[in-house]
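Numbering (this note's numbering), first residue to last: 2 to 305.
The block underneath contains the structure these notes are about, expressed in structure tokens.
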Amino acid sequence: MTGRFGRGLSMSTWQENTATPCRCPGQTAYPQDNEAERQVNITRTTLARDLALGIGAGLISGFFGVGGGIIVVPIMVIGLHFAQKKAQATSLVMISFGGVAGVTTYALAQNVAWLPALFIVLGSLAGAWIGAQIVQKLPDQKLQIAFGVLLILIALRMFFSNPSDGGNELPAITALVILGYLASGFAMGIFSAMLGVGGGILLIPILIFFFGFSQLLASGTSLAVMIPTALLAATRLTRAGLTNWPMGIRLGAGAVVGALVGAMLAFRVSGSVLQIGFALLLIAISGQMLWRALRNKPQASVAS
Numbered sequence: 002m003t004g005r006f007g008r009g010l011s012m013s014t015w016q017e018n019t020a021t022p023c024r025c026p027g028q029t030a031y032p033q034d035n036e037a038e039r040q041v042n043i044t045r046t047t048l049a050r051d052l053a054l055g056i057g058a059g060l061i062s063g064f065f066g067v068g069g070g071i072i073v074v075p076i077m078v079i080g081l082h083f084a085q086k087k088a089q090a091t092s093l094v095m096i097s098f099g100g101v102a103g104v105t106t107y108a109l110a111q112n113v114a115w116l117p118a119l120f121i122v123l124g125s126l127a128g129a130w131i132g133a134q135i136v137q138k139l140p141d142q143k144l145q146i147a148f149g150v151l152l153i154l155i156a157l158r159m160f161f162s163n164p165s166d167g168g169n170e171l172p173a174i175t176a177l178v179i180l181g182y183l184a185s186g187f188a189m190g191i192f193s194a195m196l197g198v199g200g201g202i203l204l205i206p207i208l209i210f211f212f213g214f215s216q217l218l219a220s221g222t223s224l225a226v227m228i229p230t231a232l233l234a235a236t237r238l239t240r241a242g243l244t245n246w247p248m249g250i251r252l253g254a255g256a257v258v259g260a261l262v263g264a265m266l267a268f269r270v271s272g273s274v275l276q277i278g279f280a281l282l283l284i285a286i287s288g289q290m291l292w293r294a295l296r297n298k299p300q301a302s303v304a305s
């Protein structure tokens, strides 16, 4: 077509060109454009939030040898309005990823006791399997109160005991010692699955006080045990529709970075400082756990 539509410009081409709005400066965007941009912004904000939260949890995990769920679960429940059990299940995914980075750093410094870890894992997997079943049926309040009191007692014991910086002289492998490792792992597995934490806050004091581990060796061994334990519990809870894997993976990606940094920082600190810091962490966790349990206020659930 020629004439006023211009030489060589067909009617169909003209219709296509005029159908596309001009996005001039100051011109209002169409609703569908605003919606698309809003979705992109939400996605970016969510990604940045989850990565930042994962990095913070990873720092705690790598430094103290715990899972990081002690940081993530309260934030998800109180700040993001997740249901308690969904937050716990999702944090277990993050713990699995962050644990890999942390244990690698500890292992390179020869701060992982692999044979004891093997026995502890056998017990923890059984505990995680049972704990994942119990958590779907058991009210949280009494359990949280009991664990909160237990953590305070452990923290007080750590304050008034001599820290172990040292020699990593472990007991000989006997039937009684193996039974002790299995029982410790079993308790850790139940603790991990039911509260959505790695279980290190329970296992580390046991390894230090009953098996003579140094703080660093206990932390590294705890991380090694934590990976399969958390992964099994997260998978088990997926069947109940409680695990948000996409969010857990985003948190885990941040936790990998944080755990590497946290583990390297731990090697620069003396055992006494680590032990006192860990005891303070236990008191903070137990205080928060008791406050939430005694408050007994139901949390809103989100379908995430």
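By construction, the Cβ of each residue, glycine as well, lies at the ideal position given by its N, Cα and C atoms.
How is the alpha helix (DSSP H) around Phe187 delimited, first residue to last? Element bounds for Phe187: 176-196.
In chain order, what residues of the same chain have a beta carbon less than 6 Å from the beta carbon of Ala1, not counting five sequence neighbours either side? With the chain covering only 2 through 305, there is no way to say anything about residue 1.
Cutoff 6 Å; reference Leu232; Cβ partners in own chain excluding five residues on either side: Cβ neighbours of Leu232 beyond the five flanking positions: Ser97.
Tell me the rounded alpha-carbon separation between Gly99 and Gly259. In a straight line, the C-alpha of Gly99 is about 8 Å away from that of Gly259.
Can the beta-carbon of Leu200 be found closer than 8 Å to that of Met159? Going by the sequence as given, residue 200 is Gly instead of Leu. It is not a contact, given that the beta carbons lie outside the stated cut-off.
Provide the residue span of the alpha helix (DSSP H) that contains Ala114, from first to last. For Ala114, no alpha helix (DSSP H) run applies, since DSSP gives it neither H nor E.
Buried or exposed for Gly242, going by 16 or more other Cβ atoms inside 10 Å? With fewer than 16 other Cβ atoms within 10 Å, it is exposed.
Counting along the chain, where does the alpha helix (DSSP H) carrying Ala241 start and finish? DSSP places Ala241 in no alpha helix (DSSP H); its state is neither H nor E.
8 Å is my cut-off, CB to CB: does Val136 come that close to chain D? Protein chain content of the structure displayed is limited to a single chain, and chain D is not contained in it.
Could you check whether the region 73-92 touches the region 175-188, counting it as contact only if at least three pairs of C-beta atoms, one from each stretch, sit closer than 8 Å? The region 73-92 vs the region 175-188: no contact.
Among Trp115, Pro172, Ala114, Ile191, nearest to Ala133 - alpha-carbon criterion: Residue Ile191 is the option with its Cα nearest to Ala133.
Host alpha helix (DSSP H) of Gln85 (start-end): It spans 85-109 - the alpha helix (DSSP H) in which Gln85 sits, taken as one unbroken run.
Quick check on Val270: does DSSP put it in helix, strand or coil? If DSSP states are grouped into helix, strand and coil, Val270 belongs with coil.
Neighbourhood of Leu203 by C-beta distance below 7 Å, restricted to the same chain and skipping five residues each side: Close CB contacts of Leu203 within its chain, under the 7 Å cut and outside five residues either way in sequence, are with Ala188, Met189, Phe192 (chain order).
Taking buried to mean at least 16 other C-beta atoms within 10 Å of its own C-beta, is Thr230 buried or exposed? Classification for Thr230: buried.
What separation, rounded to the nearest whole angstrom, lies between the Cα atoms of Gln216 and Ser287? Per the coordinates, the alpha-carbon of Gln216 lies some 20 Å from the alpha-carbon of Ser287.
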